[in-house]
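Peer 1: Can you read through this structure? Questions will come right after.
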Amino acid sequence: MTTQQKLIDSARYLIQTRGYNGFSYADVADQVQVRKASIHHHFPAKADLARAVVDESRAQIEQHARALADAGVDPQQQLLTYTGYWEKCIADASAPFCVAGMLAAEMPTLPSELADAVRAHFRALTNWLETVLSTGSQLGVFQLRHSVRQEAEAFMAMVYGSMLVARAYATPTTFADIVDLEFKRLLAR
1 MTTQQKLIDS ARYLIQTRGY NGFSYADVAD QVQVRKASIH HHFPAKADLA RAVVDESRAQ
61 IEQHARALAD AGVDPQQQLL TYTGYWEKCI ADASAPFCVA GMLAAEMPTL PSELADAVRA
121 HFRALTNWLE TVLSTGSQLG VFQLRHSVRQ EAEAFMAMVY GSMLVARAYA TPTTFADIVD
181 LEFKRLLAR
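Per UniProt numbering, the sequence shown starts with residue 1, numbered consecutively.
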């Protein structure tokens with residue numbers, strides 16, 4: 001693994017556990033065992049490092065979404081795969097909170113280029129959810145009560161809100177319980 005990738009991975013963990021304003025290059029240097037000057041060589045500013053984390057996360061989500069669609073996975077299973085990923089990450093603490101979600105909570109204090117990357121992440125996620133929900137509705141799998149855009153944003157808000165509640169209560173099962181309720185509401189009867 002390259003030093004640059006180690007820096008991104010370290011920053012991801014620190015953002016997920018502390019938030020953007022809760023870590024410094026000194027924390028990353030300690031984790032990766034490099035000097036701060038080495039970090040500045042790869043990422044001149046902290047916002048550059050955080051943006052690399054967000055961009056990588058968005059690219060991974062887009063790649064996984066394409067793979068699911070290309071494999072012909074049905075819409076319900078696509079959403080279950082997405083929420084199942086977060087359920088596992090929350091339960092085993094491998095990724096206790098989405099990077100973009102943590103950063104969104106800090107939007108008023110983020111540098112503009114980082115805030116733009118966070119918005120792009122949420123737009124990409126919403127667009128994917130719209131596609132999945134629309135396809136599911138056309139196939140009679142989902143019963144949408146509002147516009148596809150509203151349903152996609154509501155689903156996204158449910159996922160991120162469930163992460164937050166599970167974290168606040170320190171009960172990972174809360175995430176799965178809330179997601180299950182949303183699926184019951186969403187599925188066509």
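Ideal placement from N, C-alpha and C gives every residue a C-beta, glycine not left out.
Could you check the C-alpha separation between residue 52 and residue 103 for me, to the nearest Å?
Peer 2: Taking the straight line from one Cα to the other gives about 13 Å.
Peer 1: Nearest-angstrom Cα distance between residue 73 and residue 140?
Peer 2: Cα to Cα, residue 73 sits roughly 15 Å from residue 140.
Peer 1: For residue 16, count neighbouring Cβ atoms within 10 angstroms of its own Cβ and tell me buried if that reaches 16, exposed if not.
Peer 2: Classification for residue 16: buried.
Peer 1: What residue range does the alpha helix (DSSP H) around residue 102 cover?
Peer 2: Residue 102 -> alpha helix (DSSP H) spans 99 to 105.
Peer 1: Short check: CB of residue 39 to CB of residue 25, under 8 Å?
Peer 2: Contact: yes.
Peer 1: So, is residue 113 buried or exposed, given that buried needs 16 or more other C-beta atoms within 10 angstroms?
Peer 2: Classification for residue 113: exposed.
Peer 1: Just to confirm my understanding: we take residue 111, look at its own chain, exclude 5 residues before and 5 after, and list those with CB closer than 8 Å. What are they?
Peer 2: Result list for residue 111: 45 and 47, in chain order.
Peer 1: Quick check: the stretch 29 to 38 against the stretch 88 to 103, are at least 3 beta-carbon pairs closer than 8 Å?
Peer 2: In short, these stretches do not touch, since the Cβ pair count stays below three.
Peer 1: Give me whichever residues DSSP pairs with residue 142 in a beta bridge.
Peer 2: Paired residues: 187.
Peer 1: May I ask you to report which of helix, strand or coil DSSP gives residue 110?
Peer 2: DSSP places residue 110 in coil when its eight states are reduced to three.
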